[in-house]
Amino acid sequence: MDPERHFEAALKSPAMVTGKDREGWIGLFASDGFVEDPMEAGQYQGTANIETFWDVFIGPQPSVQFEIARDFWAGDTIMRQATVVNITEADPQQPLRVPALIRYELQGDGLRSLQAVWEPPKIIAWFAGRGLPGIKALSKHSFRMMSKAGLRNGLAFGGTLVGGLGRDRARTLVEAIRTADRGQWAERLGDATVTVGSGTDTERFDAAASRALDCVQGYAQSISGLAVQQLLVCGNHIAAFLTDADEQGALALMIRANGHGQVETLDAIWSGTPTVLTLPDPQVPSA
1471 MDPERHFEAA LKSPAMVTGK DREGWIGLFA SDGFVEDPME AGQYQGTANI
1521 ETFWDVFIGP QPSVQFEIAR DFWAGDTIMR QATVVNITEA DPQQPLRVPA
1571 LIRYELQGDG LRSLQAVWEP PKIIAWFAGR GLPGIKALSK HSFRMMSKAG
1621 LRNGLAFGGT LVGGLGRDRA RTLVEAIRTA DRGQWAERLG DATVTVGSGT
1671 DTERFDAAAS RALDCVQGYA QSISGLAVQQ LLVCGNHIAA FLTDADEQGA
1721 LALMIRANGH GQVETLDAIW SGTPTVLTLP DPQVPSA
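Written out as structure tokens, the structure reads:
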């Protein structure tokens, strides 16, 4: 599999956002595809709702750029370790930099979903730190969200600002996973759905924590030898990037937990070497 051709729709997404290609970006999604960015802040499913997402969150931004640190892929899923760089009305000189895990899932030649984990409270704090221009920008965005996306999605976004796991509990949970202790995995992931993969391979485990751990260890050799490079928390969702000592091998984790700190779903993708995929050259025919 040529990953750059296989994930072409996902690789086009940031380019089309940066280029403000509204119709092209919306056209990347399957008719029943959805956007959930960030997680728990409302799901925009179907073409009309994805149009709304663009009009509320993407279109009004003067500039949106993406810096990709590393790509992780398995089967039809790619996770991107990214920083989204925004120029906003609040401060045209100082970019707003948003660390994120962006997860795309393919459906046919397009996208089934775009989901992201980033930290809304830090974004609100950044705007608030800009004084009156920041408050004005937040007020305009809130009105736009409520009037176009609706009360339900507005309240969902607000819900990401309060409650949830919090950074300390999220780190404790990730450390429990990283230890590779079978008892910890049984306690924390006993009933979870775990998907593990790398490259063309992917495997799903339902309520089979020990087998899932063995699968992860098959890729990472020793997950306990990995260090947490980056941790992002949004409500009850966690994104974590773990690397080995020389930062060659790395593991991307996307976790949904319940209020008791137990894992409900875990997606783990291993990358053996640092790689950032780019759009394929249209002049080069596919194999």
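When we follow our numbering, the leftmost residue of the sequence shown carries the number 1471, and every step to the right adds one.
C-beta atoms are modelled at their ideal positions from N, C-alpha and C, and glycine is treated no differently.
Among the options, nearest to residue i - alpha-carbon criterion
i	options	result
Val1526	Gly1512, Ala1539, Leu1581, Ile1538	Gly1512
Thr1665	Met1509, Asp1546, Gly1489	Asp1546
Gly1695	Ala1678, Ile1708, Ala1720	Ala1720
Gln1732	Ile1548, Tyr1574, Asp1541, Glu1657	Glu1657
Ser1583	Thr1670, Pro1569, Phe1477	Phe1477
Ile1557	Thr1713, Ala1679, Val1568	Val1568
Val1534	Gln1691, Val1505, Val1555, Ala1607	Val1555
Trp1543	Met1724, Ile1693, Thr1735	Met1724
Ala1570	Pro1590, Leu1581, Asp1638	Pro1590
Val1703	Phe1597, Arg1622, Val1644	Val1644
Val1587	Thr1553, Tyr1689, Asp1579	Thr1553
First through last residue of the alpha helix (DSSP H) which encompasses residue i
i	result
Thr1642	1636-1648
Ala1479	1478-1488
Ala1690	1679-1690
Gly1653	1652-1659
Gly1494	1492-1496
Ala1518	1517-1523
Segment limits, beta strand (DSSP E) that includes residue i
i	result
Glu1537	1533-1544
Glu1506	1499-1506
Thr1663	1663-1668
Phe1675	1671-1676
Gln1699	1697-1704
Status (buried if at least 16 other CB within 10 Å, exposed otherwise) for residue i
i	result
Val1487	buried
Gln1718	exposed
Ala1757	Only weak support is given to the placement of Ala1757: the predicted model assigns it a pLDDT of 49, under 50, and the value that follows is read from those uncertain coordinates. Answer is exposed; the Cβ neighbour count stays below 16.
Pro1809	Within the shown structure, residues of the chain are numbered from 1471 to 1757, placing residue 1809 beyond reach of any answer.
His1730	exposed
Ile1605	exposed
Lys1482	buried
Gln1551	buried
Supposed close pair residue i, residue j - CB separation, criterion 8 Å
i	j	result
Glu1510	Asn1728	No, Glu1510 and Asn1728 are not in contact; Cβ-Cβ is about 13 Å, not under 8 Å.
Arg1674	Thr1663	7 Å
Leu1635	Ile1528	Going by Cβ atoms, the distance from Leu1635 to Ile1528 rounds to 27 Å, so no, they are not a contact pair.
Thr1745	Asp1541	6 Å
Ala1600	Ala1626	The question names Ala, but residue 1600 in the sequence shown is Arg. That belief does not hold up - the Cβ atoms of Arg1600 and Ala1626 are roughly 25 Å apart, past 8 Å.
Glu1474	Pro1750	5 Å
Ala1500	Gln1577	4 Å
Ile1739	Gly1667	6 Å
Practice task
Identify every run of the beta strand (DSSP E) within the region 1551-1630, keeping only runs that are complete inside it and at least 3 residues long; order them along the chain.
Solution key: 1561-1577, 1580-1587
Problem - Runs of alpha helix (DSSP H) lying entirely within the region 1713-1745, each at least 4 residues, in chain order - result: none
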